[in-house]
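Heads up: the sequence lines are chains A and B, in that order. Quick note: the first sequence uses the UniProt record's numbering, first residue 1, plus one each step. Quick note: the second sequence uses the UniProt record's numbering, first residue 1, plus one each step. Shown next, in structure tokens, is the structure this report addresses.
Number of protein chains: 2
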Amino acid sequence: MPTNNTGALAGLDRFYAVIPAGGVGTRLWPLSRAAAPKFLHDLTGSGNTLIQATYERLVGLAGEKFLVVTGQVHESAVVSQLPKLAANNLVLEPEPKDSAAAIGLAAAILYERDPEAIMGSFAADQVIGPVESFQQAVREAVATAATGKIVTIGIEPTYPSTGFGYIHAGAPLEVAGAPSALAVDEFVEKPSEAVAKEYVASGDYLWNAGMFVAPAKLMLEHLACNEPELHAGVVEIAKAWDTEDREAVLERVWPGLKKTAIDYAVAEPAAANGAVAVIPGTFTWDDVGDFAALARLNPARLDTDMTILGEHARVYSTESSGVVVSDTRRVIALIGIDDVVVVDTPDALLVTTTEHAQSVKQTVEELKAKGDSDVL
Amino acid sequence: MPTNNTGALAGLDRFYAVIPAGGVGTRLWPLSRAAAPKFLHDLTGSGNTLIQATYERLVGLAGEKFLVVTGQVHESAVVSQLPKLAANNLVLEPEPKDSAAAIGLAAAILYERDPEAIMGSFAADQVIGPVESFQQAVREAVATAATGKIVTIGIEPTYPSTGFGYIHAGAPLEVAGAPSALAVDEFVEKPSEAVAKEYVASGDYLWNAGMFVAPAKLMLEHLACNEPELHAGVVEIAKAWDTEDREAVLERVWPGLKKTAIDYAVAEPAAANGAVAVIPGTFTWDDVGDFAALARLNPARLDTDMTILGEHARVYSTESSGVVVSDTRRVIALIGIDDVVVVDTPDALLVTTTEHAQSVKQTVEELKAKGDSDVL
């Protein structure tokens with residue numbers, strides 16, 4: 001197995017960054033929606049959209065070696081937001097097929113291009129900082145992957161979340177250049193609150209942020225074992241990818257691919273085989289799961305209790321607190337209302353509270369059921 | 001003094017309905033605003049705007065004998081909302097001058113047209129029901145006015161409001177056709193809560209709803225005593241009104257007229273002279289002072305706790321209560337928020353609570369101060 005001699009940089013010359021950019025982010029409706037999912041929005045007031053920030057976090061490690069996987073409908077938005085991305089490094093899905101197909105195809109394309117490729121897959125819609133801590137974790141993950149492991153980067157839990165899956169970490173792995181690498185005993189599904197509390201108290205559990213770093217070849221081997229048809233499909237597409245047959249093969253094969261998550265198709269069975277390692281991430285992490293997250297991620301200015309997002313926001317807040325997302329140029333006046341969430345878009349308005357932020361998903365389902373899908 | 005012999009109908013053949021349609025209704029911003037004041041809106045879900053409902057309540061008594069006084073900027077809206085109003089019965093103010101000038105000019109025009117006219121002035125933005133009770137009170141007021149009184153219709157208070165002025169009623173007047181007519185001892189300003197409670201407990205006080213019924217000649221005599229310049233001005237305009245000089249005289253005289261309320265210019269001093277009577281109204285009455293009133297006036301449907309107003313409203317309400325006014329076609333989703341007030345217009349959005357509904361006025365003042373007057 002080829003390695004280099006630079007310690008912490010072991011394998012980094014083989015590193016390719018993969019950014020799966022899918023998922024609507026239903027709990028962030030009406031800001032995030034089918035035509036404009038959350039990764040295309042600046043949800044942190046940083047001036048960068050989430051996918052731009054994801055790209056910027058990785059460019060220092062990957063250089064130009066990227067693969068962005070997104071829906072065909074988002075092509076123009078992604079191209080305009082990531083102007084440095086080479087056209088050949090943009091993978092457009094004809095329709096969404098969940099993460100196993102997206103990441104599997106990325107692995108297969110990279111393997112065709114470079115059989116020694118170590119891929120690192122990082123969702124386009126997470127908020128992470130500081131960048132240096134994240135990059136250090138990725139370096140350790142790459143060094144560990146170079147020893148023949150599928151490596152995840154786990155997040156040290158800050159509270160007993162019942163909304164995330166957990167990684168049960170095991171013994172230290174003693175990898176050169178990856179002093180914090182641990183074995184993974186198993187991945188566990190979203191727990192009850194009582195179980196989550198036990199996990200956090202034990203110190204042995206990390207949040208599963210869906211970050212995977214591994215040799216493309218190894219990802220494909222595990223995919224072949226667990227989902228042989230899906231594997232055959234993505235390999236067939238990948239072999240045609242850098243040829244003139246790309247479109248034809250993609251259009252023929254993609255629609256038949258199974259919809260399943262990379263966790264089931266690769267990570268969980270691989271962990272059961274002892275093939276998975278974890279690097280505990282010391283950075284802060286947020287998956288921006290709902291509008292309450294926006295208030296966390298964008299503290300209100302000192303002179304107000306209201307977090308305001310939006311380039312053209314014209315918000316008048318009196319005796320109020322919470323978060324306002326303005327995607328219009330309308331004046332928004334708030335009077336005497338606490339912990340409010342107001343999301344104002346040209347064709348839909350949401351008014352709720354930070355406490356009820358998770359319930360937005362149900363409202364979206366109701367809209368769909370009642371035929372108001374023009375605003376979804 | 002000419003009367004007829006039909007008892008309850010005494011004087012009704014002399015009756016002219018006057019509708020002063022002014023006032024922005026700042027507490028109903030952003031629905032009500034300078035260009036579209038509240039009387040132009042259907043705030044009760046009845047299908048009629050407030051001025052249309054006011055007209056309909058009076059047409060059974062006045063027939064075609066109306067005078068509507070409004071701003072020049074509202075001409076097209078009023079003409080389209082009141083298609084039966086004769087063009088000659090629409091009085092357009094070049095600029096707002098408060099109620100004494102508006103009602104004084106109406107009195108002067110009616111006096112020129114019919115020296116025996118009994119005018120009844122009823123604001124365009126009040127909600128009243130049932131119509132029969134209101135009309136009965138007006139009939140009694142007209143019969144009483146025919147005896148040479150300025151007659152107000154008072155509202156029996158339902159709670160100790162500190163937001164309205166009160167009428168201190170005195171002894172019964174024994175007027176034929178007006179069995180409930182009482183003398184008025186005095187008008188009193190908006191009281192403190194303690195005083196308001198005393199008023200309500202005494203049974204001798206009525207809310208002053210600003211309704212005045214009186215011979216036009218008598219209104220002008222009192223105006224001449226208390227505001228001689230204003231009187232001279234409106235008489236000068238009125239003498240030119242039904243001539244080709246109308247515009248020229250109006251443009252010349254109107255801008256110099258004093259801004260004052262009819263209460264100060266006529267009603268209060270007349271009461272001190274013993275010239276005012278009151279008919280206690282047994283109808284329900286609301287001046288739609290704020291958005292909390294909309295919730296009162298438009299009870300939520302049985303299957304929801306949310307009052308929804310707006311022709312094209314697309315409201316999804318989950319575990320929420322309050323009032324939504326939709327002046328757009330946008331989808332509005334409300335989740336887990338009680339006693340909320342949401343007013344959605346094309347260029348401005350208000351989110352508050354029924355409890356804070358009165359504070360809307362301060363926000364409008366803030367908008368004005370900060371230069372966002374494009375939405376006022």
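Glycine included, C-beta positions come from ideal geometry on N, C-alpha and C.
Excluding its 5 nearest sequence neighbours in each direction, A333 of chain A has C-beta neighbours in its own chain below 7 angstroms: Y316, listed in chain order. Interface annotation, P346 of chain A: in contact with chain B, CB-CB separation under 9 angstroms.
Along the segment 304-321 of chain A, going in chain order, the ones with a CB nearer than 7 angstroms to a CB of chain B are R314, Y316, T318. Chain A has no Cβ within less than 9 angstroms of the Cβ of K149 of chain B. Straight-line spacing of the CA atoms in R296 of chain B and T44 of chain B works out to 10 angstroms. The beta carbons of I19 of chain A and V69 of chain A sit closer together than 9 angstroms. At a cut-off of 9 angstroms, the C-beta of P30 of chain A has a neighbouring C-beta in chain B. Contact between the segment 119-126 of chain B and the segment 210-219 of chain B is present, with at least three C-beta pairs closer than 8 angstroms. Shown here, H168 of chain A sits in a strand according to DSSP, grouped into three states. With respect to chain A, the C-beta atom of D114 of chain B has no partner C-beta closer than 9 angstroms. Setting aside the 5 residues that flank it on each side, S46 of chain B is surrounded in the same chain by A53, each with a C-beta closer than 7 angstroms to its C-beta; the list follows chain order. Residue pairing from DSSP places L349 of chain A in a beta bridge opposite A:D344, B:I332.
One thing to note: G281 of chain A has its Cβ no nearer than 9 angstroms to the Cβ of V142 of chain A.
If you draw a straight line from the Cα of M219 of chain B to the Cα of P115 of chain B, it is about 12 angstroms long. Closer than 9 angstroms to the CB of T26 of chain A there is not a single CB belonging to chain B. Taking C-beta atoms as the reference points, A169 of chain B and E140 of chain B fail to come closer than 9 angstroms. Counting every other CB atom within 10 Å of its CB across the protein chains shown gives H312 of chain B a total below 16, marking it as exposed.
Per DSSP, E132 of chain A is one residue of the alpha helix (DSSP H) stretching across 131-145. Taking all protein chains shown into account, Y159 of chain A has fewer than 16 neighbouring C-beta atoms within 10 Å of its C-beta and is therefore exposed.
Against chain A, the beta carbon of S359 of chain B has neighbours under 9 angstroms at T318, E319, I335, G336, listed in chain order.
Contact between D327 of chain A and L31 of chain A holds, with the beta-carbon distance rounding to 6 angstroms and staying under 8 angstroms. The beta-carbon distance between H231 of chain A and G104 of chain A, rounded to whole angstroms, is 7 angstroms. This is short enough to meet the 8 angstroms contact definition. Annotation: the continuous alpha helix (DSSP H) that includes I109 of chain B extends over 98-113. Short of 8 angstroms from the beta carbon of G129 of chain A, and not among the five residues preceding or following it, lie these beta carbons of its own chain, in chain order: F283, T284.
Straight-line spacing of the CA atoms in D290 of chain A and V341 of chain A works out to 10 angstroms. Interface annotation, D98 of chain B: not in contact with chain A, CB-CB separation never under 9 angstroms. For the segment 223-285 of chain A, the continuous alpha helix (DSSP H) assignments of 4+ residues that do not extend past its boundaries occur at 228-241, 246-253, 268-272, in sequence order. Under the Cβ criterion of 9 angstroms, T49 of chain A is not counted among the residues facing chain B. A buried status is given to S99 of chain A, since no fewer than 16 other beta-carbon atoms sit within 10 Å of its beta-carbon.
Note that the segment 346-365 of chain B touches the segment 25-42 of chain B; at least 3 beta-carbon pairs, one per stretch, sit closer than 8 angstroms.
In this structure, the CA atom of L67 of chain A is about 34 angstroms from the CA atom of V323 of chain A. Using a CB distance cut-off of 9 angstroms, R330 of chain B counts as an interface residue toward chain A. A straight line joining the alpha-carbon of V131 of chain A with that of I335 of chain B spans about 36 angstroms. Closest by C-alpha distance to A178 of chain A, out of A:A293, A:A35, A:T162, A:V278, is A:V278. Short of 6 angstroms from the beta carbon of D305 of chain B, and not among the five residues preceding or following it, lie these beta carbons of its own chain, in chain order: S321.
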